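First comes the structure, then the notes that go with it.
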Amino acid sequence: MKISPSKLNMFTLFKLPSAYFCGVRAKVLNDQQCITTVKHRWINQNPFKSMFWAVQGMAAEFSTGAMMLIKIRGSGKKVSMLVISNTAKFIKKATGRITFVCNDGDKIDHALAEAIKTGEGQTIWLESVATNKEGEVVSTFKFEWSIKVKGSK
36 MKISPSKLNM
46 FTLFKLPSAY
56 FCGVRAKVLN
66 DQQCITTVKH
76 RWINQNPFKS
86 MFWAVQGMAA
96 EFSTGAMMLI
106 KIRGSGKKVS
116 MLVISNTAKF
126 IKKATGRITF
136 VCNDGDKIDH
146 ALAEAIKTGE
156 GQTIWLESVA
166 TNKEGEVVST
176 FKFEWSIKVK
186 GSK
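Residue numbers (the numbering used here): 36 to 188.
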């Protein structure tokens, strides 16, 4: 079964309900890029009339993790994945529809190939950049993912 944005959105309803109800949605998913969006609404706001940082984090993590999922599925191997650390930088208030873009498909390819080749766990930093409708960067998130082929030592 091919993973598509609509299937990912249905996945969030059942497996990540807080992301779903806050409005996090996948829009584009391919080998090189994943784009997610979330609109500033009452349910995901902070006291300063902008989007709560954790909602931005959910959308950003989703943009990196969804691409990891399709790469792992494409490898035909059983691979575990886990976020082990992250950093974030907030530049501007997040209001309106915010778009999160991860363009790190090549990084995932290299780390996954190395994990499969060596049987050793690998770590990889993936970045998601969030912009508003004017194209201004509102935040950047970096997630350190750990991947390991299951059954390897």
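Glycine is no exception: its CB is placed at the ideal position from the N, C-alpha and C atoms.
Fair warning: this is a prediction, and the values are worked out from it, not measured in the lab.
**Request:** Decide if residue 157 is buried, meaning its Cβ has at least 16 other Cβ atoms within 10 Å, or exposed.
**Result:** On the sequence shown, position 122 is the one that residue 157 refers to. Result: buried.
**Own chain, CB closer than 6 angstroms to residue 85, minus 5 neighbours either side, in chain order** = Indexing the sequence shown from 1 puts residue 85 at position 50. Result list for residue 85: 128, 129 and 130, in chain order.
**Prompt:** If you pair each beta-carbon of the region 46-64 with each one of the region 143-159, do three or more pairs fall below 8 angstroms?
**Reply:** no
**Asked** Can you tell me where the beta strand (DSSP E) with residue 130 in it begins and where it stops?
**Response** Here the question's residue 130 lines up with position 95 in the sequence shown. Taken as a continuous stretch (DSSP letters only), residue 130 belongs to no beta strand (DSSP E), as it is neither H nor E.
**Request:** Consider the C-beta atom of residue 39 and the heavy atoms of the ligand HEM; say whether any pair is separated by less than 7 angstroms.
**Result:** The ligand HEM is not part of the structure shown, which contains no ligands of any sort.
**Residue of 178, 49 and 41 minimising C-alpha distance to residue 118** = Within the sequence shown, residue 118 is the residue found at index 83, counting from 1. Out of 178, 49 and 41, 178 has the C-alpha closest to the C-alpha of residue 118.
**Request:** Pull up the CB-CB distance for residue 103 and residue 160, whole angstroms please, since I reckon it's below 8 angstroms.
**Result:** Along the sequence shown, one-based indexing puts residue 103 at 68. Along the sequence shown, one-based indexing puts residue 160 at 125. Not really, about 12 angstroms apart at Cβ, beyond 8 angstroms.
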